[in-house]
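**Q** With numbering that gives the first Met the number 0, you'll find the sequence shown wraps up at 166, consecutive numbering, no jumps. Have a look at the structure that comes next, please.
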Amino acid sequence: MKNNLLFDFTVDKATKTVFVNREFDADLSLVWDAFTKQEILDQWWAPKPWASKTKIMDFKVGGRRFYAMVGPEGQEHWSIQKFTSITPKTNFNYLNAFADAAENPDLPGSEWDLNFSEQNGTTKVSITIKNESLARMEQMIEMGFQGGFTMTLNYLGNLLPTLSKQQ
Numbered sequence: 000m001k002n003n004l005l006f007d008f009t010v011d012k013a014t015k016t017v018f019v020n021r022e023f024d025a026d027l028s029l030v031w032d033a034f035t036k037q038e039i040l041d042q043w044w045a046p047k048p049w050a051s052k053t054k055i056m057d058f059k060v061g062g063r064r065f066y067a068m069v070g071p072e073g074q075e076h077w078s079i080q081k082f083t084s085i086t087p088k089t090n091f092n093y094l095n096a097f098a099d100a101a102e103n104p105d106l107p108g109s110e111w112d113l114n115f116s117e118q119n120g121t122t123k124v125s126i127t128i129k130n131e132s133l134a135r136m137e138q139m140i141e142m143g144f145q146g147g148f149t150m151t152l153n154y155l156g157n158l159l160p161t162l163s164k165q166q
């Protein structure tokens, strides 16, 4: 297992953008699958003790993921991701918005741009999150996005060796 993997989280309020760069000690196809397959996403896409529950996953341009973060008391916070572009194994983009349980989005939302690259068995994921409004970005930050997303990416880092053995 490699140490000193890159993890950088930057908030730029002037451009309403969050930048996240994270390296994983895993091959690109496995990391890609972890971000694009429901059965893997639901294992790590929530900060503990919360869990991710995907209701709809249609990973194609024009498709969507509709999911909830489910709390230990059963509370649900829904979100919808609408996939706008996909270049297999290298990049995908989606529009993200909070939603209610009936899939009605709470706009404004944010645009996510995820880029994947591999070098010497280490995969780098670079995520750019452009928010439609400063208020929405500040709401994300106030809800603990940085700490929560850091936790979830660390869960993924710990999960990948287990997934690698299953392949």
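The beta-carbon is built from N, C-alpha and C at its ideal position, and this holds for glycine as well.
Rounded to the nearest angstrom, how far is the Cβ of E22 from that of T122, given a contact under 8 angstroms?
**A** Residue numbering aside, residue 22 sits at position 23 when the sequence shown is read from its first letter. Residue numbering aside, residue 122 sits at position 123 when the sequence shown is read from its first letter. That belief holds up - the Cβ atoms of E22 and T122 are roughly 7 angstroms apart, short of 8 angstroms.
**Q** Suppose you measure from the CA of H76 to the CA of D99; what does that come to, to the nearest Å?
**A** Counting from one through the sequence shown, the residue named residue 76 turns up at place 77. Counting from one through the sequence shown, the residue named residue 99 turns up at place 100. Their backbone Cα atoms lie some 8 angstroms apart in a straight line.
**Q** Can you tell me whether Q80 is buried or exposed? The criterion is at least 16 other CB atoms within 10 Å of its CB, across all chains shown.
**A** As a working mapping, residue 80 is identified with position 81 in the sequence shown. Buried is the call here.
**Q** State whether the stretch 59-73 contacts the stretch 39-50, with contact taken as three or more CB pairs (one from each stretch) at a distance under 8 angstroms.
**A** yes
**Q** Just checking my contact of N92 with E110 at CB under 8 angstroms: how many whole Å lie between their CB atoms?
**A** Residue numbering aside, residue 92 sits at position 93 when the sequence shown is read from its first letter. Residue numbering aside, residue 110 sits at position 111 when the sequence shown is read from its first letter. About 7 angstroms; that satisfies the 8 angstroms criterion.
**Q** Taking the straight line between their C-alpha atoms, what separation do you get for A50 and F148?
**A** If you number the sequence shown from 1, residue 50 lands on position 51. If you number the sequence shown from 1, residue 148 lands on position 149. Each residue's Cα considered, the two are about 13 angstroms apart.
**Q** Is it true that the CB of L29 sits closer than 7 angstroms to the CB of S116?
**A** For the purposes of this step, residue 116 is taken as residue 117 along the sequence shown, with counting starting at 1. For the purposes of this step, residue 29 is taken as residue 30 along the sequence shown, with counting starting at 1. No, they are not a contact pair.
**Q** Could you tell me which of F58, A33, N153 and K54 sits nearest to L94, measuring between CA atoms?
**A** Against the sequence shown, residue 94 aligns to sequence position 95. Closest by alpha carbon: F58.
**Q** When the Cα of F97 is compared with those of N130, D11 and V124, which residue comes out closest?
**A** For the purposes of this step, residue 97 is identified with residue 98 of the sequence shown, where counting begins at 1. Comparing Cα positions, the closest option is N130.
**Q** DSSP puts A96 in a beta bridge; with which residues?
**A** As a working mapping, residue 96 is identified with position 97 in the sequence shown. According to DSSP, residue pairing for A96 in a beta bridge involves I79.
**Q** Who are D24's beta bridge partners in DSSP?
**A** The residue given as residue 24 occupies position 25 in the sequence shown. Beta-bridge pairing links D24 to no other residue.
**Q** What does S163 pair with, by DSSP beta-bridge criteria?
**A** Reading the sequence shown from its first residue, position 164 is the one you call residue 163. In the DSSP output, where bridge partners are listed per residue, S163 has none listed.
**Q** For T16, which of S132, N2, L152 and D105 has the nearest alpha-carbon?
**A** Taking the sequence shown and counting its residues from 1, the one referred to as residue 16 is at position 17. It is S132.
**Q** Buried or exposed: where does P19 fall if 16 or more other Cβ atoms within 10 Å of its Cβ makes it buried?
**A** Counting from one through the sequence shown, the residue named residue 19 turns up at place 20. Strictly speaking, residue 19 in this sequence is Val, with Pro absent from that position. So V19 ends up on the buried side.
**Q** How far does the beta strand (DSSP E) with D41 in it reach, from first residue to last?
**A** The count along the sequence shown starts at 1 and reaches residue 41 at position 42. Here D41 belongs to no beta strand (DSSP E); instead the alpha helix (DSSP H) covers Q37 to W43.
**Q** Do you know offhand how far N2's Cα is from N157's?
**A** Within the sequence shown, numbered from 1, the residue matching residue 2 stands at position 3. Within the sequence shown, numbered from 1, the residue matching residue 157 stands at position 158. About 13 angstroms.
**Q** May I have the straight-line CA-CA distance separating T35 from W44, to the nearest angstrom?
**A** Sequence index remark: in the sequence shown, residue 35 carries index 36 (1-based). Sequence index remark: in the sequence shown, residue 44 carries index 45 (1-based). Going from the Cα of T35 to the Cα of W44 covers about 11 angstroms.
**Q** Tell me which same chain residues have a C-beta within less than 7 angstroms of the C-beta of E102, skipping the five on either side of it?
**A** Along the sequence shown, one-based indexing puts residue 102 at 103. Excluding sequence neighbours, E102 sits near F65 and I79.
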